[in-house]
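Protein chains in written order, with our numbering: chain A, 690 to 908; chain B, 690 to 908. Have a look at the structure below before the remarks.
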DNA sequence: GTCTATAAGTAGATAGAC
DNA sequence: GTCTATCTACTTATAGAC
């Protein structure tokens, strides 16, 4: 409540920057506290453990992002039955441009993607908890826009969309190299348009000849 | 040259299993050597450092996989101008089913994906070295199948395809949960068909209205 | 080539003064 | 709430016997 930034936030800010760049296992609490300008013991006082720091970093950004996703979906459904492109946009845009300024956005994007790829069991669990209602909601809306797809196939394709989103956010340096700088993921609007076009076409693709995903009882 | 497996291979096998499950930073050399049943010092004798172990694990699988990709592309081009679906298959199939039996395949898939997502700088570099000729080759073939796309746009979309592939290979557990078990990435053929259908449609998608990727000189 | 023993450094977490 | 000092455990890496 004082004028200067709270220790807790200093830790979270530094953690976000460092975790997104080097991964959770690649950053020690000592590196973290040095970067944040706070004392090592203060981290344990405020968070209790490194694992709790990771969870807090995660929750601070992912929850608003998912609220934004659901809000965009609400707005779309108020105006009628949404197009596939619009649904994909609601899924992708909040991840690409939630943060305001550019360096913060890039940090945040990499953080999301990195946390999604982290091997630690507690993170995988946390992710599923945070995402399950988002997944359920998008599945229903996608299914009403794509009635010919089974429930399982819709979910599989949604997973593809999340995959290319995460991969784009995480590996911005390779994208720039691959495209000789012409496609920069830091350019959110261009990236968004490209992802939406690609992903919407993929969602609408014909079901392959060996539709294993239809055989189960999950249709 | 003795009857039993060489120490070097024991280390590489254990490293592949452990790295793919917990990430490079999540596995110590002690855990590794214990799992492999070899002595800690033997690792330094044979490899010199942990970093060299990682590189060796990587090279053992990625090089044959990329050779397979280029061979499939050769075979396709011998028979005429390949379809988008065929090119995508050449890019994706070697990753999904190079290894023979199922547990080994899953381990290998996760290894590839994990290494691709690893933050360490030397791994990013190594990946680019191994992949640059594959990328160049696929770009040319894709462009001849999709002449309306700019070079940069082709590369961006190829990156999307690799992204959903990596994500699928890495997060097989979430896919099973998302789809209530109906879509199992361990079922390589079903997964392959789904990816090819989705990715080919994405590659063929119309170029979005704001084609930032066309403005540069990289067309 | 393989081992034991150990160096030299870093990890997360705590106790207790202020 | 924040600090110093420290504990315990684990990390990579190496020296040197066999």
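All C-beta atoms, glycine included, are put in the ideal place defined by N, C-alpha and C. Bear in mind that the values here come from a model prediction, so they are computed numbers and not experimental data.
What I want to know is whether the C-beta of residue i ends up closer than 7 Å to one or more non-hydrogen atoms of the ligand SAM.
| i | result |
| --- | --- |
| residue 734 (chain B) | Among the components modelled here there is no ligand, and therefore nothing to report on the ligand SAM. |
Just tell me which of the options has its CA closest to the CA of residue i.
| i | options | result |
| --- | --- | --- |
| residue 812 (chain A) | A:712, A:694, A:701, A:706 | A:712 |
| residue 848 (chain A) | B:792, B:844, B:863, B:824 | B:863 |
| residue 885 (chain B) | B:694, B:865, B:785, B:760 | B:785 |
| residue 912 (chain B) | B:861, B:835, B:698, B:709 | Past the boundaries of the shown model lies residue 912 (chain B); chain B is included only from 690 to 908, so the question cannot be answered. |
| residue 770 (chain B) | B:833, B:856, B:709 | B:833 |
| residue 795 (chain A) | A:740, A:857, A:745 | A:857 |
| residue 821 (chain A) | B:837, B:817, B:867, B:854 | B:867 |
| residue 888 (chain A) | A:772, A:756, A:722, A:716 | A:772 |
| residue 818 (chain B) | B:707, B:695, B:744 | B:744 |
| residue 852 (chain B) | B:781, B:734, B:710, B:815 | B:781 |
| residue 793 (chain A) | A:694, A:707, A:898 | A:707 |
| residue 695 (chain B) | B:731, B:719, B:717, B:720 | B:731 |
| residue 810 (chain B) | A:722, A:814, A:860 | A:860 |
| residue 705 (chain A) | A:757, A:742, A:734 | A:742 |
Look up residue i in the DSSP assignment and say whether it is helix, strand or coil.
| i | result |
| --- | --- |
| residue 801 (chain A) | helix |
| residue 708 (chain B) | helix |
| residue 833 (chain A) | helix |
| residue 792 (chain B) | helix |
| residue 753 (chain B) | helix |
| residue 783 (chain A) | helix |
| residue 907 (chain B) | With a pLDDT of 45 at residue 907 (chain B), under the threshold of 50, the predicted position of this residue should be treated as unreliable, though the coordinate-derived value follows. Reduced to three states, the DSSP call for residue 907 (chain B) is coil. |
| residue 901 (chain A) | Caution applies to residue 901 (chain A), whose pLDDT of 49 falls short of 50 and renders its modelled position unreliable; the value that the coordinates give is listed next. Helix, per DSSP. |
| residue 698 (chain B) | helix |
| residue 828 (chain A) | helix |
| residue 717 (chain B) | coil |
| residue 722 (chain B) | helix |
| residue 891 (chain A) | helix |
| residue 763 (chain A) | helix |
| residue 727 (chain A) | coil |
| residue 852 (chain A) | helix |
| residue 692 (chain B) | Reliability fails at residue 692 (chain B), whose pLDDT of 43 lies under 50, so the model's placement of it is uncertain and no value is given. |
| residue 809 (chain A) | coil |
| residue 877 (chain B) | helix |
| residue 736 (chain B) | coil |
| residue 869 (chain B) | coil |
Discussion item. Does the stretch 791 to 806 of chain A come into contact with the stretch 742 to 754 of chain A, if we say contact requires no fewer than three beta-carbon pairs (one atom in each stretch) closer than 8 Å?
Written reply: Contact holds: three or more Cβ-Cβ distances are below 8 Å.
Item to complete: Decide yes or no for the touch test of the stretch 768 to 784 of chain A against the stretch 888 to 897 of chain A: beta carbon pairs closer than 8 Å, at least 3 of them.
Response: Between the stretch 768 to 784 of chain A and the stretch 888 to 897 of chain A, the count of Cβ pairs shorter than 8 Å is three or higher; the stretches touch.
Discussion item. Could you check whether the stretch 878 to 886 of chain A touches the stretch 837 to 846 of chain A, counting it as contact only if at least three pairs of C-beta atoms, one from each stretch, sit closer than 8 Å?
Written reply: Touching, no, given that fewer than three Cβ pairs across the two stretches are closer than 8 Å.
Practice prompt. Scan the stretch 868 to 885 of chain A for residues whose Cβ lies nearer than 8 Å to a Cβ of chain B and list them as they occur along the chain.
Written response: Residues are counted here when their Cβ sits less than 8 Å from a Cβ of chain B; for the stretch 868 to 885 of chain A these are 868, 869, 870, 871, 872, 876, 878, 879, 882, 883, 884, 885, given in chain order.
Item to complete: Taking only beta carbons into account, state which residues of the stretch 816 to 842 of chain A come closer than 7 Å to chain B, listed in chain order.
Response: Flagged, chain order: 817, 824, 841.
Worksheet item: Does the stretch 760 to 768 of chain A touch the stretch 822 to 837 of chain A, meaning 3 or more C-beta pairs lie closer than 8 Å?
Response: The stretch 822 to 837 of chain A is in contact with the stretch 760 to 768 of chain A.
Practice prompt. Anything in the stretch 846 to 862 of chain B with a Cβ closer than 9 Å to a Cβ of chain A? List those residues in chain order, please.
Written response: Correct list: 846, 847, 848, 849, 850, 851, 852, 853, 854, 855, 856, 857, 859, 860, 862.
Practice prompt. Using a Cβ-Cβ cut-off of less than 9 Å, list which residues of the stretch 711 to 723 of chain A approach chain B; keep chain order.
Written response: Listed in sequence order: 711, 712, 713, 714, 715.
Discussion item. Along the stretch 768 to 795 of chain B, where does the CB come closer than 8 Å to a CB of chain A? Name the residues.
Written reply: Cβ contacts with chain A: none found.
Discussion item. For the pair the stretch 726 to 740 of chain A and the stretch 691 to 706 of chain A, tell me if three or more CB-CB distances fall below 8 Å.
Written reply: They touch, by the three-pair rule.
Practice prompt. Using a Cβ-Cβ cut-off of less than 7 Å, give me the residues of the stretch 726 to 753 of chain B that come near chain A, in sequence order.
Written response: Per Cβ criterion, the list is empty.
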